[in-house]
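Each remark here refers to the structure printed beneath this line.
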Amino acid sequence: MIACASDNASILERLLQAENMMLPTKDGRIIEHEILYQAASNGHKQIVETLLERSVQASASDTATGLTCLQAAAKNGHLQIVRALCTAGSLQKVPRGPDIDPPHAKMGMKALHYAAADGHDEIVAFLIQRGLECNERNLLGETALIKASQNGHAMVAKVLLEGGADPLLRGGEPWYTERPSSSPLAPIEEGYVFLTPVAFHHAASNGHANVLAILPYSDLNCGASETKALHLGAPYGHLDVVQALLFQGAKIESVGSRGMTALHHASRNGHNLVVKLQLDRGCRIDRRTDQGRPDQGRTALHFAAQAIDIKTIRGLVACGADINARTADPESYKSITAANSGAAFADLETIEVLLQGVGGRGCTALEEAIACNRRASVSALIELGAEWIRGEVFALAGIRADCEIVEMLLGKLSTATAKARVVAAAMFRMTLAEGASNRNEKAVRIFGDFARLNFKPIGSFNQG
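Here the sequence shown is numbered in our numbering, starting from 3 and rising by one per residue.
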């Protein structure tokens, strides 16, 4: 074993030729194949050849990794050892010899998968020449081309395509959608369709524009939201991927099942440069997501307000986004109604004035930011001109925002009009009546102190 580990073929050969020399054993069994595996895995060509001449079995799997000698050599990039092993054994289960490349017991991977995943294009080319099937799948349905695409190995992808790999085969973790069972896109199971990605999707989501340049362009969907490749590059901020996809013909305003464009995805994750690129290429800044969906009627600015990158908010507003646009969701604040809060006030006129239009109007980007506790986004939106002295804003801050946002709004109210302070005080009183137990003690004290100092009926205010 020491001679093998040190790549000393001459010593190993003399030891094997010594009279009565026995190969090492473990628990009474000969472990010659483990010696061969170690040599193949580490690239010790002479030792591999010496052991193969003694007819050491090359098809057994290593007990620790589950890999065969061929798979370990392919994974680690040892071309000469791959050649030697293929010459000594058979890649197919035929009478000529044992199978030296069975699927891995846990992953179903074979030598071609391992070589492709680790970027060894010469080994991939050799294995294809030896007759390995390019489109064979592992247990996740992934082909060698998909493994190469996931890891950014463009040269391997090129070799596989030239060898007959199908770029439209789907593979990877299954994503589900509610497409009709008649859909030809993928097999059906329990009323759902597997919309796993193709190699093109894998390359886009992992940021590999170099692979996209090799693969044929695909406009296929994948995932529960019927996602296109452009929607996979934008959310992760892969600017070069988005540029490559647009160059290849991707439609800049293509939408998924929720009506979300790549601009929406990039804005939601705060990728300012990707947002700017799409706007420069003509994407409509105030395009809304579909109604009747969880994100219904939202613009890119609504999604940007949920993120933590203020540059995206500033960029969208500078390019003309409507800072006070409301979503189309009539249920956004249905819990904030006069019926729920009437007991908190003695003055019904005040309730009607304050709550007029609060429910059933959707929400603005500012309200999105408050709901997500994005203090920096709240501050930036107010600075950029968002309407904030409104009953909805104060009500939402009281119900969902943390103390820092509440204190920031109260600080701004210190320079506001008396009527604005009355509106805020009334909404905070409503919040305390509806759910003070859900707030921490500091928030309750802030709301209560402000309400006691500033609240009075709108009617008496007008009379004054």
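Positions of the beta carbon are idealized from the N, C-alpha and C atoms, including for glycine.
Would the beta-carbon of residue i fall within 8 Å of that of residue j?
i           : j           : result
residue 212 : residue 299 : no
residue 388 : residue 325 : yes
residue 119 : residue 150 : yes
residue 372 : residue 330 : no
residue 536 : residue 316 : Absent from the model: residue 536. The displayed extent of the chain is 3 to 466, so no value can be given.
residue 143 : residue 173 : yes
residue 276 : residue 241 : yes
residue 214 : residue 200 : no
residue 102 : residue 42  : no
residue 140 : residue 167 : no
residue 303 : residue 327 : yes
residue 79  : residue 106 : no
residue 421 : residue 384 : no
residue 258 : residue 229 : yes
residue 81  : residue 124 : yes
residue 203 : residue 162 : no
residue 396 : residue 425 : yes
residue 406 : residue 377 : yes
residue 159 : residue 216 : yes
Thinking C-alpha only, which one of the options is nearest residue i?
i           : options               : result
residue 290 : 47, 59, 41 and 367    : 367
residue 538 : 166, 137 and 198      : Nothing in the structure corresponds to residue 538, since the chain is present only between 3 and 466.
residue 206 : 54, 232, 224 and 216  : 232
residue 129 : 222, 141, 140 and 146 : 146
residue 131 : 421, 116 and 164      : 164
residue 39  : 63, 116 and 141       : 63
residue 374 : 404, 382 and 383      : 404
residue 157 : 117, 382, 229 and 262 : 117
residue 392 : 48, 427 and 382       : 427
residue 2   : 50, 260, 171 and 239  : Shown here, the chain extends from 3 to 466; a query on residue 2 therefore has no answer.
residue 51  : 61, 73, 36 and 89     : 89
residue 57  : 37, 76, 46 and 45     : 37
residue 66  : 256, 45 and 108       : 108
residue 45  : 419, 251 and 87       : 87
residue 34  : 48, 60 and 47         : 60
residue 218 : 266, 256, 238 and 169 : 169
residue 70  : 55, 48 and 110        : 110
residue 273 : 322, 407 and 308      : 308
residue 104 : 251, 126, 127 and 74  : 74
residue 260 : 292, 244 and 243      : 292
residue 238 : 266, 250 and 216      : 266
residue 244 : 152, 278 and 314      : 278
residue 271 : 77, 246 and 314       : 314
residue 488 : 382, 115 and 133      : Because the chain spans 3 through 466 in this model, residue 488 falls outside it and cannot be assessed.
Output the boundary residues of the alpha helix (DSSP H) element that contains residue i.
i           : result
residue 266 : 264 to 270
residue 50  : 47 to 55
residue 78  : 71 to 78
residue 274 : 274 to 282
residue 300 : Here residue 300 belongs to no alpha helix (DSSP H), and DSSP marks it neither H nor E.
residue 253 : No alpha helix (DSSP H) contains residue 253, which DSSP labels as neither H nor E.
residue 88  : 81 to 90
residue 44  : 34 to 44
residue 216 : Counting along the chain, residue 216 falls outside any alpha helix (DSSP H), and DSSP gives it neither H nor E.
residue 319 : 312 to 320
residue 157 : 156 to 164
residue 405 : 405 to 415
residue 203 : 201 to 207
residue 377 : 377 to 385
residue 123 : 123 to 131
residue 148 : 146 to 152
residue 370 : 367 to 373
Less than 8 Å between the CB atoms is what I'm expecting for residue i and residue j, so what's the real figure, rounded?
i           : j           : result
residue 312 : residue 269 : In fact, because the Cβ distance is near 12 Å, the residues do not count as touching under 8 Å.
residue 254 : residue 280 : 6 Å
residue 264 : residue 236 : 4 Å
residue 369 : residue 394 : 6 Å
With respect to 7 Å, is the separation between the Cβ of residue i and the closest non-hydrogen atom of the ligand COA below this value?
i           : result
residue 108 : The model on display carries no ligand, and the ligand COA is accordingly not part of it.
Please decide whether residue i counts as near chain C, where near means a Cβ-Cβ distance under 8 Å.
i           : result
residue 210 : In the displayed structure, chain C is absent; only one protein chain is listed.
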